[in-house]
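This report concerns only the one structure given below.
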Amino acid sequence: MSLPPSSGRGGRHGRHRSLFTRVGRVFDAVRGRMMAIILLAAMPIALIGAVQAWHSYHNTLEAPGYRTDMAVARIDLELRHESEHVASLLQAVARMRLDSGGLARMLQLVDSLTGRHYSQIALADDRGNIAAAVGPDHDATPLTVDEMPRFQGDVKLVAIPDALTGVPDHFRITVAAMIGDDAGRTARSGYLTAIMPLSWRSAMLQTSDPRLDLMQQNGPIEIWVMDSRARATMPLCADCNWQDHPPARIMQWARFEVTHGVEHDHITLPEGSYSIGRVQGGVYVLTMTRRNASERHAVVMFAISLVSSGVLLLVGLLGASKSADVLVITPLRQLTASVNQWQLGGVYDVRSNWAMPLEVRQLAHAFSKATRRLARHEKRLERAQVRQELLLKEMHHRVKNNLQIVASLLNLQAGRIRQPGAREEFAQARDRVRALATLHRYLYADGELYSLNMQSFVRELCGQIIHAIGEADEARITLDIRVDDLLMVPDQAVPLALIVTEAVSNTIKYAFPDQLHGTLEVGLRALDGGRACLWIADNGVGMAAGRNLGGAEDERSGIGMQLIRGFARQLGGTLQMFEENGTRYVLVFPLKRPDQDELAD
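Here the sequence shown stands for residues 1 to 601, where the numbers follow full-length UniProt numbering.
Okay, structure coming up:
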């Protein structure tokens, strides 16, 4: 069965409410709130420390990348410086306006002054053909158009790639020159060119050369020259024992950067940092620098400090939680337990000690004073209640005695009356007074000052009426009492007792004439909706027939029925009479329950 669309939302809302309820329960206690306060207080300091530590860690991680970027800049600077140095030498020779032989001799002098570092220093004519050359490289390949300067004073620098790998391994530096005749006059134009090797050799550098800090045997920095597509590399230092190629993933990253035309970028890895950049002559170089001991130590110390900070924070929170438990929560629990014990009727006893906060001690002291004051007040109320109950019992007892005296007087007066009708009226008045006396006796004898147990009361009341009429010894009328164990307030018990008295008396007198035998049923039961039902039924001849047989003058309009109807209205109930196979009174009325406090008392 598929669920309706709203069930998913209701489930999510229910889960959210459950989560909020659990979180609310955590922060509802003192411990949760104190932990929250401690966390809020420590959060700014922890955030500041974390930001500073992260900044230091980030700088430590970026330090190798910074060094590789600086290495690329240094390489570009050194290549630019060396090419400008060679160009300035060639321009100085070109300004001498020597003839071809003189220029060739000057080129030999330049080659010797530079330590024969250049592969070739040559003189070319205006078409680029090599006219004279010095150096180990005797290649007489003419200059191309891209290698020729465009104007006088211009310096042309072009990278020469290796024929096999395509990686630039030399720079050709070319300047324009004027070739003179024997008389020193300008005869024709030409070019002076020098081929400078791109790779460096540490053995050929002087001690003061700044390139030596980059070119170290197994040093922290390694440099490679790449082709234009980053597919092949060559170490910049030929005798530094560097790796021939960087790792494959670095070459893949370099190809991506070169393909997208990136001029400069770097990447940082756990083992070190790599930087790629374009230097003099449009050549790409790749530099790598490893982490030094201080950087590795800084990374380890960052991890240690991070873990130690977390451990210290956790220990601090646990210590704060334990301290809060000992210094705040436990005193509050003791105070709460003592209050609960006092509420259940025990003795309030909280002893103040040094572990209690001042506010808790003050609260305990104030509550102790309040409980002592309440205890004294409760004792006064208990004594007053006892006196009140004694007074009520005495009052009910005296009322009962007075009613019994009145009933006895009525009985004596009835014995002196000769007329049967008048004597009957006195007897009925006597029965009513006796019913009230019985009710008052229940109110003080059984200790039920605020409620009556109607089961025992109705049973005794009906027996008393039968005995007063004189039917108890003959046993011709069977009394069937069906009353629930029901408590009723005196305000309703009085009219109900008088109704029972009138109805039972009428039934005994008129329902079973001529010594007929029968059954009298009296019932009282609680109904739903806060109501109760009283019924009095017999299987006699009926009220009308009984009265006709007895010669009574008043029928249903007698004082008995008037009292029954009046008391039914006083109870706020509905009275019904049925005369089929006897007479049946049914009274349904709203039931007033006794207060729980009165029952408890």
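Backbone N, C-alpha and C define an ideal beta-carbon position, used for all residues, glycine too.
Backbone CA spacing between residue i and residue j [nearest angstrom]
| i | j | result |
| --- | --- | --- |
| Asn-506 | Glu-425 | 12 Å |
| Thr-289 | Thr-259 | 24 Å |
| Met-70 | Leu-77 | 10 Å |
| Gly-518 | Asp-480 | 11 Å |
| Arg-231 | Met-251 | 7 Å |
| Thr-114 | Ile-121 | 11 Å |
| Val-72 | Gln-243 | 18 Å |
| Ile-508 | Ile-564 | 16 Å |
| Arg-255 | Ala-42 | 48 Å |
| Gly-560 | Glu-502 | 6 Å |
| Ala-475 | Thr-583 | 20 Å |
| Leu-587 | Phe-512 | 23 Å |
| Phe-457 | Ala-468 | 16 Å |
| Leu-89 | Trp-253 | 40 Å |
| Glu-580 | Thr-478 | 19 Å |
| Val-155 | Ile-195 | 13 Å |
| Val-541 | Gln-515 | 12 Å |
| Gln-385 | Lys-369 | 24 Å |
| Leu-212 | Asp-99 | 40 Å |
| Met-96 | Arg-185 | 11 Å |
| Gln-576 | Tyr-348 | 58 Å |
| Ala-140 | Ala-293 | 51 Å |
| Gly-153 | Pro-247 | 43 Å |
Contact set for residue i: own chain, Cβ-Cβ below 8 Å, skip 5 residues either direction
| i | result |
| --- | --- |
| Lys-592 | Met-488, Val-489, Asp-491 and Gln-492 |
| Thr-60 | Glu-295, Ala-298, Val-299 and Phe-302 |
| Val-328 | Val-30, Met-34, Pro-357 and Val-360 |
| Val-406 | Val-433 |
| Val-93 | Leu-103, Met-106, Leu-107, Val-110, Ala-177 and Leu-192 |
| Glu-271 | Arg-290 and Arg-291 |
| Glu-82 | Met-196 |
Neighbourhood of residue i by C-beta distance below 6 Å, restricted to the same chain and skipping five residues each side
| i | result |
| --- | --- |
| Phe-567 | Pro-495, Leu-498 and Ile-499 |
| Val-504 | Cys-462 and Ile-465 |
| Arg-278 | Glu-263 and Tyr-284 |
| Glu-521 | Asp-480 and Ala-537 |
| Leu-527 | Cys-533 |
| Asp-125 | Ala-131 and Gly-190 |
For residue i, three-class secondary structure by DSSP
| i | result |
| --- | --- |
| Leu-205 | coil |
| Asp-554 | Below a pLDDT of 50, predicted positions are generally treated as unreliable, and Asp-554, at 47, falls in that range; the measurement from the model is reported next regardless. Here Asp-554 sits in coil by DSSP. |
| Tyr-268 | In the sequence as displayed, the identity of residue 268 is Thr instead of Tyr. Three-state DSSP puts Thr-268 in a strand. |
| Phe-151 | coil |
| Gln-243 | coil |
| Val-360 | helix |
| Gly-65 | helix |
| Ser-451 | coil |
| Asp-349 | coil |
| Val-541 | coil |
| His-397 | helix |
| Val-167 | coil |
| Ala-526 | strand |
| Arg-255 | helix |
| Met-43 | helix |
| Leu-344 | coil |
| Leu-157 | strand |
| Gly-261 | coil |
| Arg-185 | coil |
| Leu-534 | strand |
| Ser-199 | coil |
Extent of the continuous beta strand (DSSP E) to which residue i belongs
| i | result |
| --- | --- |
| Asp-480 | 477 to 483 |
| Val-586 | 584 to 590 |
| Tyr-510 | Tyr-510 -> not in any beta strand (DSSP E); alpha helix (DSSP H) instead, spanning 490 to 510. |
| Trp-224 | 221 to 226 |
| Asp-513 | Note that residue 513 corresponds to Pro in the displayed sequence, not to Asp. Unbroken run through Pro-513: none, as it is neither H nor E. |
| Gln-576 | 574 to 578 |
| Arg-290 | 283 to 290 |
| Met-215 | No beta strand (DSSP E) holds Met-215; DSSP gives it neither H nor E. |
| Pro-594 | That residue, Pro-594, is in no beta strand (DSSP E); it is neither H nor E in DSSP. |
| Pro-235 | 233 to 235 |
Beta-carbon contacts of residue i that lie in its chain and below 7 Å, excluding the five residues immediately before and after
| i | result |
| --- | --- |
| Thr-68 | His-266, Ser-273, Tyr-274, Ser-275, Thr-287, Met-288 and Thr-289 |
| Thr-438 | Glu-460, Leu-461 and Gln-464 |
| Thr-268 | Leu-61, Glu-62, Pro-64 and Gly-65 |
| Asp-484 | Gln-455, Leu-524, Arg-525 and Ala-526 |
N- and C-terminal bounds of the alpha helix (DSSP H) containing residue i
| i | result |
| --- | --- |
| Met-301 | 293 to 324 |
| Ala-568 | 559 to 571 |
For this session: Please list the segments of the alpha helix (DSSP H) lying wholly inside the region 74 to 146, counting only runs of 4 or more residues, in order along the chain.
Result: 100 to 113
Problem set entry | Complete alpha helix (DSSP H) runs within the region 407 to 441 (minimum length 4 residues, chain order) | none
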